[in-house]
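A short worksheet on the structure shown next.
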Amino acid sequence: MTRENERLVVIRHAPYSSNQLREGLDVALVTAAFGGSVSLLFLGQGVLALLKEQTVGAPGQKATLPTIDMLEMYDIENLLVPAETLQAFNITSDQLVEGVTVIPTSELPSLFQRYASVLNF
Amino acid sequence: MEYGLLIMGAPYSSAAPHSALRFASAVLSKGHRIAGIFFYQDGVHNASSLMTPPQDELNMREAWIELHQQHNVALDVCIAAALRRGLMSELEAKRHGLVNFNIEAPFELTGLGQLLELQQRCDRFMTFA
Amino acid sequence: MLHILNKPPHSDAAKQLLLALSADDTVLLIEDAVQAVLYPDWQGWTVSSAAVFLLAEDAVSRGVYSLANVKGLPLVEMDGFVELTEQNERIISWY
């Protein structure tokens, strides 16, 4: 059942409010750069990282959307969001960047069981 | 069993380092090994040699060093997370044209690859944040 | 699978943990999560068939130890914490 070499990185923090999102994505990118397979799950505040309308705000702020756009280049194609998170934030899937898969919230427990390693950020 | 720990909270701001230290002592006294501790995000502040808490508070950096000396636990600090927060070794300081540094052995600056390797190598891997 | 929660029972982290929980999982409440003692209606106590433990020393430091005892909630010492990690190959922290 367990996919030994797959890692699930869970993003749970919004862009700009802290560095947790960016440094979490860095772990996903490094995993992929080392040839590992990685899926990203966006939970709670983390879903805000996927809003396609994001852009640079205050001068000197580093945007996270370019990193999200870079994921595909690293073959990180599995971007997952539970339906309940979208509902809770009143966000519809057409407000999100391309390539996001909306999953039923009831699938979360089995999703967590499936991966050999899970890192929560 | 072999354990690996990821610490992402700063001492004196977060309870995470203290919880991790308590757990580490307990795990070692039950006969397990800790292969390594990786400090990431705000956890890099655990390594600062300029840390000077009041005398009635635990010096977290010294506690980690004691763990290293007594149980040979590797203390790895994410270099990217450290540099952007103003923590660096003498070598990195020179490289960036800076006079001061605050990371010294047994703490080692290393890349995120080390974190992935630690997680893969250990029987148990735990996050304290 | 062992889930470790260190945030209060109504935090985002706690809600996310509950969404990710499988029936056979174990939950350990540490740091601020021991506040769950104060909320008998907390979903974590009622909804799942998962076993939920409290870290005794954090319940003591936060003044909810005797209440946890009166309610008969399962408390573990640091040794018990280590045992939970021995029994569960995978450990996820919610913070």
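Chains as they are written, first to last, in our numbering: chain L, 1 to 121; chain D, 122 to 250; chain Y, 251 to 345. Built from N, CA and C at the ideal position, the CB exists for glycine as well. Here the structure is a predicted model, which means the values were calculated and not measured.
Discussion item. So within the segment 60-96 of chain L, which uninterrupted alpha helix (DSSP H) runs reach at least 4 residues, ignoring any that extend past its ends?
Written reply: Within the segment 60-96 of chain L, the complete alpha helix (DSSP H) segments of 4 residues or longer fall at 65-70, 83-88, listed in chain order.
Worksheet item: For a contact meaning CB atoms closer than 7 Å, what does Gln-113/L contact in chain D?
Response: None at all; the shortest Cβ gap to chain D is about 16 Å.
Item to complete: Reducing DSSP to helix, strand and coil, say where Ala-58/L ends up.
Response: Looking at Ala-58/L - three-state DSSP - the assignment turns out to be coil, as it is neither helix nor strand.
Worksheet entry | Burial state of Ser-210/D, where buried means 16 or more other Cβ atoms lie within 10 Å | Answer is buried; the Cβ neighbour count reaches 16.
Practice prompt. For the alpha helix (DSSP H) holding Glu-238/D, just list the boundary residues, first then last.
Written response: DSSP places Glu-238/D in the uninterrupted alpha helix (DSSP H) bounded by 233-242.
Item to complete: Select from the segment 331-344 of chain Y all residues with a C-beta closer than 8 Å to any C-beta belonging to chain L, and list them in chain order.
Response: Taking 8 Å as the upper bound on Cβ-Cβ separation, chain L lies near residues Arg-340, Ile-342, Ser-343, Trp-344 of the segment 331-344 of chain Y.
Practice prompt. List in chain order: all unbroken alpha helix (DSSP H) runs of 4+ residues lying wholly within the segment 3-45 of chain L.
Written response: Segments of the alpha helix (DSSP H) lying fully in the segment 3-45 of chain L: 20-33.
Worksheet entry | Segment contact flag, the segment 221-229 of chain D with the segment 197-213 of chain D, C-beta cutoff 8 Å, min 3 pairs | Touching, yes.
Discussion item. Can you confirm whether Glu-123/D, when its beta carbon is compared against all beta carbons of chain L, has any partner nearer than 8 Å?
Written reply: False, the Cβ-Cβ gap to chain L never drops below 8 Å.
Worksheet item: Listed from N- to C-terminal order along the chain, which residues in the segment 34-58 of chain L have their beta-carbon within a distance smaller than 8 Å of any beta-carbon of chain B?
Response: In summary, chain B is missing from the structure at hand, where the protein chains are L, D and Y.
Worksheet item: Would you say Asn-180/D and Ile-128/D are within 8 Å of each other, going by their C-beta atoms?
Response: For Asn-180/D and Ile-128/D, no; Cβs fall outside 8 Å.
Practice prompt. Could you check what DSSP says for Glu-123/D in three-state terms: helix, strand or coil?
Written response: In the three-state scheme derived from DSSP, where H, G and I count as helix and E and B as strand, Glu-123/D is classed as strand.
Worksheet item: From which residue to which residue does the alpha helix (DSSP H) around Phe-121/L run?
Response: For Phe-121/L, no alpha helix (DSSP H) run applies, since DSSP gives it neither H nor E.
Worksheet item: List, in order along the chain, the chain D residues whose C-beta lies closer than 8 Å to that of Asp-329/Y?
Response: Correct list: Ala-147, Lys-151.
Discussion item. Just to confirm the assignment: which complete beta strand (DSSP E) runs, minimum length 3, are found wholly within the segment 173-233 of chain D?
Written reply: You should have 195-199, 228-231.
Item to complete: Please state if the CB of Leu-255/Y and the CB of Leu-267/Y are separated by a distance shorter than 8 Å.
Response: Remark: C-beta atoms of Leu-267/Y and Leu-255/Y approach each other more closely than 8 Å.
Worksheet item: Which residue from Leu-239/D, Arg-205/D, Asp-197/D, Glu-238/D puts its Cα closest to that of Phe-228/D?
Response: Among Leu-239/D, Arg-205/D, Asp-197/D, Glu-238/D, the Cα nearest to that of Phe-228/D belongs to Asp-197/D.
Discussion item. On the DSSP letters alone, give me the boundaries of the beta strand (DSSP E) that Gly-164/D sits inside.
Written reply: Segment: none, Gly-164/D is in no beta strand (DSSP E) and carries neither H nor E.
Discussion item. Please tell me whether Gln-191/D has its Cβ less than 8 Å away from any Cβ of chain L.
Written reply: Interface flag for Gln-191/D against chain L is unset, since no Cβ pair is found closer than 8 Å.
Worksheet entry | Simplified DSSP state of Ser-343/Y, which is helix, strand or coil | The three-state secondary structure of Ser-343/Y, taken from DSSP, is strand.
Worksheet item: Under three-state DSSP, which class holds Ala-318/Y?
Response: It is helical.
Worksheet item: On the premise that Gln-285/Y lies in contact with Pro-258/Y, defined as a C-beta separation below 8 Å, what is that separation, rounded to the nearest angstrom?
Response: So it is a contact: roughly 5 Å between Cβ atoms.
Worksheet item: Quick one: is Leu-230/D near chain L, going by C-beta distance under 8 Å?
Response: With respect to chain L, the C-beta atom of Leu-230/D has no partner C-beta closer than 8 Å.
Discussion item. With distance defined between alpha-carbon atoms, name the residue in His-139/D, Arg-154/D, Pro-138/D nearest to Met-122/D.
Written reply: Ranking His-139/D, Arg-154/D, Pro-138/D by Cα distance to Met-122/D puts Arg-154/D first.
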